[in-house]
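Scroll down for the structure; my scribbles are underneath it.
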Amino acid sequence: MRPFVLLQAPPAPTGTSQSPDDRGIGFKPVEGGQEMQSGERLLVIAYMVIWVLILGFVAFSFRKQARLDARINALETALTKSRSPEKVSSDDGAAGRASAPSAPSPAPEKGAD
Amino acid sequence: MAQTLDEPMRPLSGGDAPSKPVASTLGFQILVVVTTISVLAALAVIAFRAPVEASMGIVQKIFYFHAPAGYAMYLGAGFCFIGSAGYLARGTRRWDALAKSGAEVAVVMGIILCTTGPLWAMKAWGVAWTWDPRLTTSMLSVLIYVAYVLLRSFAGDGDAERKFAAALGVLGAANLPIIHYSVQKWGGNHPKVITKGGGGLQHPDMKLALFLGFLTFTLLAIVLVWHRMRVELSAQKLAQLEEEALEEGIGGD
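Chains A and B, in that order, are what the protein sequence lines are. All residue numbers for the first sequence refer to the numbering used here, where the first residue is 1 and numbers rise by one. All residue numbers for the second sequence refer to the numbering used here, where the first residue is 114 and numbers rise by one.
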């Protein structure tokens, strides 16, 4: 009896002997069998991971740079506007006011705008 | 781009801000174009010229970007080490920006390394992960740079935090030679195709594909570090402007 058993095919992995009715009510994973991986699929996943990561990092970095640039420009403009009345008042003084009577009087304190 | 860092930058209140242009924008753009060409050439050679490996099949083509990603992680870590050492020695924010940029690139390349490796191993070894010396030390190194980036993101931007991060950047680099020589010292499953003792690449097109992979990832690492450094220096300039705006009594919005 024993040699007969040895000549038989190795036992199938468990979970594969489902009847059509069993398959209709639940799924069972293969246990103990050799799961085959597709090399093509693994290659495609690997290359997708590489380029999604790199492009994502580049896109994140460029967006951050754009936000920083916009904020820097806004602040520089605001600072320039804030400082210009002081410059006019110190450079021109009374002479400047006399030559341009229609110009607004300089702000008494910085940061007036 | 509305503003470039080619413009001279005023010093920060602490007197340690970048006072020279970071880099030529034209040079950066040329480097980006060369990198893009290199990426396309590498992909074309890997897909259409490099032969399929006899025993592993097509999945072996992961190797042409997996090994260069590991090398690019070394490059990022090297930039982090240089920047950290420079910051500890000189205390200037430019060195700190280099260290931070290098660590970020090391993390990205390390994630690529630790993702593509297991995908290849699933086919070649039948398991995604083993506690092989090189795999373990590589993962440890990636985690060190993840810790660095998290520290810089969430622990504030004071001088003490920067110095602590710089110490981590210097000490983190100590793991790099251990990774490199781990296969020779302790054996393990990891192949030794490139290093001495391995069988090497048998076909000239395999060598060409690997060369282009290394070239591509070297250029990518440099471009990414350069760009992240520009971003970091812009952030430093913004912080200085915000300080000045507060002194002027304006909100800036």
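Built from N, CA and C at the ideal position, the CB exists for glycine as well.
Starting from the beta carbon of residue i, find every residue of chain B whose beta carbon is closer than 9 Å, and list them in chain order.
| i | result |
| --- | --- |
| VAL52 of chain A | Ordered by position in chain B, no residue passes the 9 Å Cβ test against VAL52 of chain A, which lies about 10 Å from the chain. |
| SER82 of chain A | ALA358, GLU361, GLY362 and ILE363 |
Starting from residue i, find everything on chain A with Cβ-Cβ shorter than 9 Å and list it in chain order.
| i | result |
| --- | --- |
| THR216 of chain B | Strictly speaking, residue 216 of chain B in this sequence is Ala, with Thr absent from that position. Here the premise fails: no neighbours, minimum Cβ distance about 13 Å. |
According to DSSP, is residue i part of a helix, a strand, or is it coil?
| i | result |
| --- | --- |
| GLY239 of chain B | coil |
| GLY170 of chain B | strand |
| VAL101 of chain B | This structure cannot speak to residue 101 of chain B, because chain B is shown only from 114 to 366. |
| HIS316 of chain B | coil |
| VAL146 of chain B | helix |
| LEU118 of chain B | Interpretation of LEU118 of chain B is limited by its pLDDT of 37, a score under 50 that renders its predicted location unreliable; no figure is taken from the coordinates. |
| THR205 of chain B | coil |
| VAL135 of chain B | Bear in mind that a pLDDT of 48 at VAL135 of chain B, under 50, signals an unreliable position, so the number given afterwards is only what the model happens to contain. Here VAL135 of chain B sits in coil by DSSP. |
| VAL152 of chain B | helix |
| ILE363 of chain B | coil |
| GLN349 of chain B | helix |
| VAL221 of chain B | helix |
| ALA103 of chain A | Below a pLDDT of 50, predicted positions are generally treated as unreliable, and ALA103 of chain A, at 39, falls in that range; the measurement from the model is reported next regardless. Reduced to three states, the DSSP call for ALA103 of chain A is coil. |
| HIS293 of chain B | helix |
Give me the chain A residues within the contact set of residue i, using Cβ-Cβ distance strictly less than 7 Å, ordered along the chain.
| i | result |
| --- | --- |
| ARG343 of chain B | GLN65 |
For residue i, which residues in chain A fall below 8 Å Cβ to Cβ?
| i | result |
| --- | --- |
| THR229 of chain B | ALA46, VAL49 and ILE50 |
| GLY170 of chain B | GLY39 |
| LYS174 of chain B | LEU43 |
| PHE141 of chain B | Here the premise fails: no neighbours, minimum Cβ distance about 11 Å. |
Do residue j and residue i come within 8 Å of each other at the CB atom, strictly closer than that value?
| i | j | result |
| --- | --- | --- |
| LEU354 of chain B | LEU79 of chain A | yes |
| VAL145 of chain B | VAL218 of chain B | no |
| TYR200 of chain B | ALA279 of chain B | yes |
| ASN288 of chain B | THR243 of chain B | no |
| SER251 of chain B | ILE195 of chain B | no |
| TYR258 of chain B | ALA190 of chain B | yes |
| SER347 of chain B | GLN65 of chain A | yes |
| ALA155 of chain B | GLY326 of chain B | yes |
| LYS236 of chain B | GLU345 of chain B | no |
Assuming residue i and residue j form a contact by the criterion Cβ under 8 Å, report the distance between their Cβ atoms to the nearest whole angstrom.
| i | j | result |
| --- | --- | --- |
| SER61 of chain A | HIS340 of chain B | 5 Å |
| MET319 of chain B | ALA210 of chain B | Incorrect: roughly 39 Å between the Cβ atoms, too far for contact. |
| ILE159 of chain B | TYR177 of chain B | 5 Å |
| LEU314 of chain B | LEU323 of chain B | 6 Å |
| LEU351 of chain B | ARG71 of chain A | 6 Å |
| GLY223 of chain B | VAL262 of chain B | Going by Cβ atoms, the distance from GLY223 of chain B to VAL262 of chain B rounds to 11 Å, so no, they are not a contact pair. |
| HIS179 of chain B | TRP233 of chain B | 6 Å |
At 8 Å on the CB atoms, spell out the chain B contacts of residue i, in chain order.
| i | result |
| --- | --- |
| PHE27 of chain A | Within 8 Å Cβ-Cβ: nothing; PHE27 of chain A doesn't reach chain B, min ~22 Å. |
Are three or more beta carbon pairs between the segment 272-288 of chain B and the segment 139-158 of chain B nearer than 8 Å?
Judged by Cβ distances under 8 Å, the segment 272-288 of chain B makes no contact with the segment 139-158 of chain B, as fewer than three pairs qualify.
Are at least three pairs of beta-carbons, each pair with one atom in the segment 155-174 of chain B and one in the segment 214-229 of chain B, less than 8 Å apart?
Touching, no.
So, does the segment 168-185 of chain B touch the segment 40-57 of chain A, judging by three or more C-beta pairs under 8 Å?
At 8 Å Cβ cutoff, the stretches touch.
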